[in-house]
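Residue numbers (my numbering), protein chains in the order written: chain A, 11 to 262; chain B, 11 to 262. Glycine included, each C-beta is placed from N, C-alpha and C at the ideal position.
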DNA sequence: GTTTTTTATTGATTTAAATCATGATTTTTT
DNA sequence: AAAAAATCATGATTTAAATCAATAAAAAAC
């Protein structure tokens with residue numbers, strides 16, 4: 011059986027598996043829809059042995075995979091946070107998005123069969139992974155699995171688009187930041203239901219990079235929103251004092 | 011059999027079917043991967059009757075579907091061009107993307123089962139459509155169909171992301187336009203292999219809207235690029251005189 | 001073919017964000 | 001615990017794009 015399952019059964023906060031540093035609860039795992047149909051189908055179990063998710067961790071600032079790498083697995087973040095990046099002509103990093111706990115990574119490489127970005131851990135992080143070849147082979151035998159897979163892939167496609175949309179309707183720096191904070195809050199709340207207290211372990215530089223702003227500009231906007239009592243920043247924690255006002259701002 | 015097929019067989023430039031105004035060649039259709047496996051499988055034909063693609067047209071400035079509408083079909087553009095839009099608080103249109111011949115529309119609604127944007131025809135346009143419920147039911151019976159479907163959906167997800175990336179990585183108005191022209195050229199060349207002569211029936215207002223620029227700014231950039239001999243504009247036709255230089259511009 | 005409406009260009013001015021510059025915090029290393 | 005490095009904040013100045021304004025050119029309507 012998969013490592014996720016093992017860890018869940020230990021009911022422990024730490025993990026005996028050397029490849030794993032965090033407690034993982036499969037019952038809330040994003041990839042459950044493609045793991046559970048297998049378990050209900052005895053004929054499929056042997057097929058599935060190869061693909062069922064394995065848990066592995068990535069050290070802070072290390073790559074889970076890099077751009078150009080051939081697709082072998084798709085991943086679901088089980089702890090921590092990853093940034094998706096590309097390097098431009100001038101060797102500068104451009105951040106294309108972030109992936110929080112419960113979100114998929116690499117699933118958008120199924121078509122060109124090659125990763126189109128680098129996936130870098132922000133802080134020590136971990137993922138569950140499934141081998142795509144085995145997954146596809148197995149899904150031929152288990153119709154329910156296929157439909158779940160399609161929906162799972164589509165869900166991430168939808169989330170990625172939402173993340174982009176917050177950016178391209180771009181108007182002022184202020185509305186960009188407001189939209190970003192709301193987008194992240196929404197995504198994180200799917201998992202931990204903390205709607206107004208955001209723990210955001212992303213550096214200002216990284217946020218500015220993603221939003222296409224200069225660090226100085228972002229810093230000024232953070233100060234402005236705080237002065238106007240819309241947010242309260244305490245280190246990496248951001249308290250959204252008036253989410254409705256932020257929402258108005260994000261739409262202007 | 012489906013209407014696409016019929017039209018192909020007529021070998022005519024016009025179509026007797028009242029719902030159809032254009033010649034359609036199924037052999038190059040984006041949705042062929044989900045139509046052809048069916049035809050090779052006799053048992054599946056009866057199942058497939060309901061979902062196999064139907065050809066329908068949309069008048070200029072009319073909606074193929076609107077935001078919030080429940081997902082019933084996914085579409086492949088067979089002629090013309092659609093814009094994907096949303097309406098903001100101030101009742102202003104925001105263009106989220108364009109879909110050219112051969113590209114899918116609505117496929118990203120599979121997860122929330124509800125369209126997240128309006129699809130509006132730019133000029134008289136047409137699509138092939140497949141019913142998703144029937145398609146999914148049928149794909150349970152035909153494993154090859156499912157895998158093709160996954161790949162097809164993922165391909166569009168990839169293309170959509172490329173379209174967005176052209177927007178978020180760039181800073182100056184000039185690099186935005188350069189990236190847009192190259193992105194569109196690339197996408198259109200997949201279909202008609204005209205790499206440097208772009209027929210772009212999108213108004214300046216619509217391009218500016220999509221790029222997040224003001225019409226005046228876009229107009230100035232068009233003039234600038236033309237003065238610098240990078241492009242030559244003749245009405246709706248844009249000749250990319252120096253694509254390499256545009257590419258350099260787009261990366262700055 | 002002419003008028004009306006829409007769409008596109010170009011100039012002058014204002015403004016929001018970038019850039020330049022410096023110091024303050026925070027984090028990491030030793 | 002001190003030193004070094006990285007990150008963050010804020011002021012002064014410059015700049016690119018927005019805004020305001022006025023035509024010009026194309027489409028659409030008559």
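- The beta-bridge partner set that DSSP reports for residue 108/A consists of 93/A.
- Going by C-alpha positions, residue 256/A is about 30 Å away from residue 86/A.
- Interface residue (Cβ-Cβ distance to chain A less than 7 Å): residue 217/B is not classified as such.
- When 7 Å is used as the limit between beta carbons, residue 85/B is near no residue of chain A, the shortest such separation being about 15 Å.
- When Cβ pairs closer than 8 Å are counted between the two stretches, the region 143-163 of chain A is seen not to touch the region 99-110 of chain A, the count staying below three.
- The region 189-239 of chain B contains, as complete alpha helix (DSSP H) runs of 4+ residues, the segments 214-221 and 225-237 (chain order).
- Here DSSP, grouped into helix, strand and coil, assigns residue 99/B to coil.
- Within the same chain, Cβ atoms closer than 8 Å to the Cβ of residue 193/B are found at 172, 173 and 176, the five residues on either side in sequence being excluded.
- Ranked by Cα distance from residue 112/A, the first of 209/A, 199/A and 260/A is 199/A.
- By the beta-carbon neighbour count (other beta carbons within 10 angstroms, threshold 16), residue 258/B is exposed.
- Linking residue 215/A to residue 245/A through their CA atoms gives a straight-line distance of about 14 Å.
- For the region 104-157 of chain B, the continuous beta strand (DSSP E) assignments of 3+ residues that do not extend past its boundaries occur at 128-131 and 135-141, in sequence order.
- The alpha-carbon of residue 182/A is positioned some 14 Å away from that of residue 181/B.
- For residue 179/A, no alpha helix (DSSP H) run applies, since DSSP gives it neither H nor E.
- Residue 241/A is not a Cβ neighbour of residue 228/A, given a cutoff of 7 Å.
- Between the region 134-145 of chain A and the region 97-106 of chain A, the count of C-beta pairs closer than 8 Å stays below three; the two stretches do not touch.
- Taking CB atoms only, residue 179/A has a neighbour in chain B less than 7 Å away.
- Listed in chain order, the non-local C-beta contacts of residue 248/B below 6 Å within the same chain comprise 208, 210 and 241, local neighbours out to five positions each way being set aside.
- Rounded to whole angstroms, the separation of the alpha carbons of residue 91/A and residue 232/A is 22 Å.
- In this model, residue 261/B and residue 147/B are separated by some 45 Å (Cα to Cα).
- With distances taken between CA atoms, residue 83/A lies nearest to 119/A out of 77/A, 126/A, 119/A and 69/A.
- Residue-level contact check: residue 113/A does not touch chain B, since none of the beta carbons of chain B fall below 7 Å from its beta carbon.
- In this structure, residue 130/A places its C-beta atom within 7 Å of the C-beta atom of residue 95/A.
- Within the DSSP bridge table, the entry for residue 40/B names no partner.
- Scanning its chain for C-beta atoms nearer than 8 Å, with the 5 sequence neighbours on each side dropped, one finds around residue 124/B the residues 78, 79, 80 and 81, in chain order.
- Beyond the five residues adjoining it in sequence on each side, residue 128/B comes within less than 8 Å, by CB distance, of 73, 75, 76, 77, 94, 95, 96 and 97 in the same chain, given in chain order.
- Here the C-alpha atom of residue 212/A lies approximately 30 Å from the C-alpha atom of residue 99/B.
- Counted as a single uninterrupted DSSP element, the beta strand (DSSP E) harbouring residue 247/B occupies residues 247-250.
- For residue 38/B, the number of other beta carbons within 10 angstroms of its own is below 16, and it is reported as exposed.
- Residue pairing by DSSP puts residue 67/A in a beta bridge opposite 136/A.
- Annotation: residue 197/A to residue 89/B spans about 37 Å, alpha carbon to alpha carbon.
- When the alpha-carbon of residue 41/B is set against those of 235/B, 145/B and 179/B, the nearest one is in 145/B.
- Counting only residues of its own chain and dropping the five nearest sequence neighbours on each side, residue 224/B has a CB closer than 8 Å to the CB of 218.
- In the displayed model, residue 260/B falls within a helix according to three-state DSSP.
- With a threshold of 7 Å between beta carbons, residue 99/A makes contact with chain B.
- Counting along the chain, no beta strand (DSSP E) covers residue 81/A, and no H or E run does either.
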